[in-house]
Amino acid sequence: MDNIIEVKNLVKKYNSFTAVNDISFVVSKGEIIGLLGPNGAGKTTIINMILGILEPTSGGVKILGKDSIKDRAEISKNINFSAVYAHLPLNLTVYQNLYIFGLIYEVENLKTRIEELLREFDLKKFRNSKAGLLSSGELSRLNFAKAIINKPCLLLLDEPTASLDPDVAEQIRTKIKEYVQKNNAGVLWTSHNMREIEEVCSEVMFLSRGKILLHGNPKTLPRDHHKKDLEELFIKVAREPLEIME
Amino acid sequence: MKPVKIYAVFIRQFYLLRGNYIRFMSAFIWAILDVLLWGFISKYLSSFGGATFSFATVTFGAIILWDFTSRIQQGIMTAFLEDIWSQNFINFFASPLKLPEYIAGMILSSIMTGVIGLGLMAGIAGLLFGYNIFKIGLLIALFLFILFVFGVAIGIMISALIFRYGPAAEWVSWPIPFVLSMLSGVFYPVSTLPSLLVIFAKIIPSSYVFEGIKSTLATGSLSEANAINIFIGGILSVAYLFFAYWIFIRVYQRNLKTGALARFSAENY
């Protein structure tokens, strides 16, 4: 089976407000899919439903053929995430953070794996530093190290490079691409940086008001809609979603 | 349930205590202050001799045991609050960690602080005041077990309350041990309470424990009536534990639906 994740007719309603409206898509092995849209479009809601921390109103998410809510603990072993709003405990050291999450994800040969990650993400010198003392770039590297500690086959990245300088953002992007290539993993990536999305994603979905408006290759999609680039298309989707739908 | 994941939740709390001596001290300083304060009060009251002496020795023991109960309850609650304060909820709840494993980890960390606190209190009581908390023999294990289960139940219930109504509900948790100590007859016999409050006392497991302790210390043995009372206390504490767990699960399921779990922070409430 090449599909890692299958989202089918996913709906999330909060009373009369529909945050996610009948969304379906798949993410296959080796794919990096961009989930784009203005603030409040429903991107994080979708990610939360995939993570199993938000129950859909209807429809469902299957990860490796299993239900994201009912089989959460089992499938969570094979997925992981990094999000700007999900902080690692800042009062623990870099090593302690990785050790605790390594135990939770039941990582084999944990100590060796942590050493690998510390080396790979240039965190060795910070191993005994409290996470709260790291710069935002170092913290992002730690977050990403935690996100791949269990070598997940699905990575959910909610604005992984937000608030990073271009150099660190580039390092993180490179690490993610390397990880996907090496492990044949699938990635669902949200970002407001259109250049980044063009660079890393093989496919993008534009969301507006909880619906997928556009779906396609980030390199050809702007041209198909008579726009110069992805950023211009994003602005169009954000400001005039109805026109796009027509 | 996998022990390795329970250990992960426990070790997180252990690292926090180990990593900051102020935090470490704050976990035990109240136990030390309590035992010193009540030790001096008991010593003073004992100087009157007779019935007052008996009251002082019984109450001193009861206070040590009640402190243990409160410490267990607060150990669970503060472990839970740590995850709120550090906004770590998503990392835990979006991981393979199951709810029973999370709760078991919190219980384990509360045992760590509770047992160290009890050891400190018993040690200080023995060394400074010549008071032997273990003089009632093996029965102490039974009393401690009931109080431990009750402390765990209250800790889980308060955590569920915070989980449901947000971190602002934290303030409710601090006076609860005082209210419970009042109804449990820690400092006086339950019969001292007005008849309406006696009804409440009858549904609190700790009241049976403290009545049992007083009676055992006064008579030197455990009567049949007292044994039945302790049995009722034990059953009640287990019932409280199941009820607390059920409430926590219900709140979790509710938060899963409303989205409160995904965006749990002080700002959302």
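Protein sequence lines, in the order shown, are assigned to chains A and B.
For this note's numbering, add 23 to where a residue sits in the first sequence, where the first one is 1.
For the second sequence, position 20 (counting from the first letter as 1) is numbered 13 according to this note's numbering, and the numbering increases by one without interruption.
The C-beta atom is built at its ideal place from N, Cα and C for all residues, glycine as well.
### Query
What does residue 66 of chain B touch in chain A if you count any residue whose Cβ is under 7 angstroms from its own?
None at all; the shortest Cβ gap to chain A is about 23 angstroms.
### Query
Can you tell which of B/52, B/25, B/23 has its C-alpha closest to the C-alpha of residue 37 of chain B?
B/52
#### Entry: Sequence-distant residues of its chain with Cβ nearer than 7 angstroms to residue 64 of chain B (five each side left out)
24, 106, 107, 110
### Query
DSSP three-state call for residue 213 of chain B: helix, strand or coil?
coil
### Query
Listing by chain order, which chain A residues have their CB less than 7 angstroms from the CB of residue 255 of chain B?
71, 76, 77
### Cross-chain neighbours of residue 285 of chain A in chain B, by beta carbon under 7 angstroms
The shown model of chain A, from 24 to 269, leaves out residue 285 of chain A, and the question about it has no answer.
### Query
According to a CB-to-CB cut-off of less than 7 angstroms, which residues of the segment 81 to 100 of chain B neighbour chain A?
81, 83, 84, 86, 87, 88, 89, 90, 91
### Query
In three-state terms, what does DSSP make of residue 132 of chain A?
coil
### Backbone CA spacing between residue 250 of chain B and residue 261 of chain A [nearest angstrom]
28 angstroms
### Query
Per DSSP, residue 180 of chain A forms a beta bridge with which residues?
A/105, A/212
### Query
For the candidate residues A/244, A/218, A/222, whose alpha-carbon lies nearest to that of residue 228 of chain A?
A/244
### Short Cβ contact (8 angstroms threshold) for residue 5 of chain A with residue 85 of chain A
Here chain A has residues from 24 to 269 only, and residue 5 of chain A is not among them.
### Query
Cα separation between residue 177 of chain B and residue 233 of chain B?
15 angstroms
### Query
Between residue 27 of chain A and chain B, is there a C-beta pair that is closer than 8 angstroms?
no
### Task
State buried or exposed for residue 202 of chain B, treating a residue as buried only when at least 16 other CB atoms are found within 10 Å of its CB.
buried
### Task
Using alpha carbons as the reference points, say which of B/115, B/238, B/170 lies closest to residue 66 of chain B.
B/170
### Query
Got a sec: is the Cβ-Cβ distance from residue 113 of chain B to anything in chain A below 8 angstroms?
no
### Message
Please state the DSSP three-state secondary structure of residue 233 of chain A.
### Response
coil
### Task
Specify the secondary structure class of residue 37 of chain A as computed by DSSP and reduced to three states.
strand
#### Entry: Proximal chain B residues relative to residue 264 of chain A, where beta-carbon distance stays under 8 angstroms
Result: empty, since nearest Cβ-Cβ is about 23 angstroms, beyond 8 angstroms.
### Query
Going along the chain, which residues of its own chain have a beta-carbon closer than 8 angstroms to the beta-carbon of residue 191 of chain B, five neighbours each way excluded?
183, 184
### Query
In terms of residue numbering, what span does the beta strand (DSSP E) encompassing residue 84 of chain A cover?
81 to 86
### Query
Of the residues B/225, B/152, B/-4, which one's Cα is nearest the Cα of residue 76 of chain B?
B/152
### Task
Find the nearest neighbour of residue 101 of chain B within the set B/168, B/3, B/93, judged by alpha-carbon distance.
B/3
### Query
How would you write the range of the alpha helix (DSSP H) that residue 53 of chain A sits in, first residue to last?
Where residue 53 of chain A is concerned, there is no enclosing alpha helix (DSSP H), given that its DSSP letter is neither H nor E.
### Task
Give a yes or no on whether 8 angstroms exceeds the smallest Cβ distance from residue 154 of chain B to chain A.
no
### Query
Residues in its own chain within less than 6 angstroms of residue 234 of chain A by CB, not counting five upstream and five downstream?
44
### Message
Measuring only the C-alpha atoms, how far is residue 138 of chain A from residue 87 of chain A?
### Response
29 angstroms
### Query
By how many angstroms is the C-alpha of residue 80 of chain B removed from the C-alpha of residue 259 of chain B?
Bear in mind that the predicted position of residue 259 of chain B carries a pLDDT of just 48, short of 50, making it too unreliable to give a figure here.
### Task
With a 10 Å radius around its C-beta and 16 neighbouring C-beta atoms as the bar for buried, classify residue 18 of chain B as buried or exposed.
exposed
### Message
So, does the segment 223 to 239 of chain B touch the segment 134 to 145 of chain B, judging by three or more C-beta pairs under 8 angstroms?
### Response
yes
### Neighbour list for residue 37 of chain A in chain B, Cβ cutoff strictly below 8 angstroms
251, 252
### Three-state secondary structure assigned by DSSP to residue 239 of chain A
strand
### Query
The alpha helix (DSSP H) with residue 170 of chain B in it runs from where to where?
169 to 177
### Query
Since residue 39 of chain B contacts residue 55 of chain B with CB under 8 angstroms, what's their CB separation in whole angstroms?
Actually they do not touch by this definition, with Cβ atoms about 15 angstroms apart.
### Query
residue 158 of chain B: buried (16+ other C-beta within 10 angstroms of its C-beta) or exposed?
exposed
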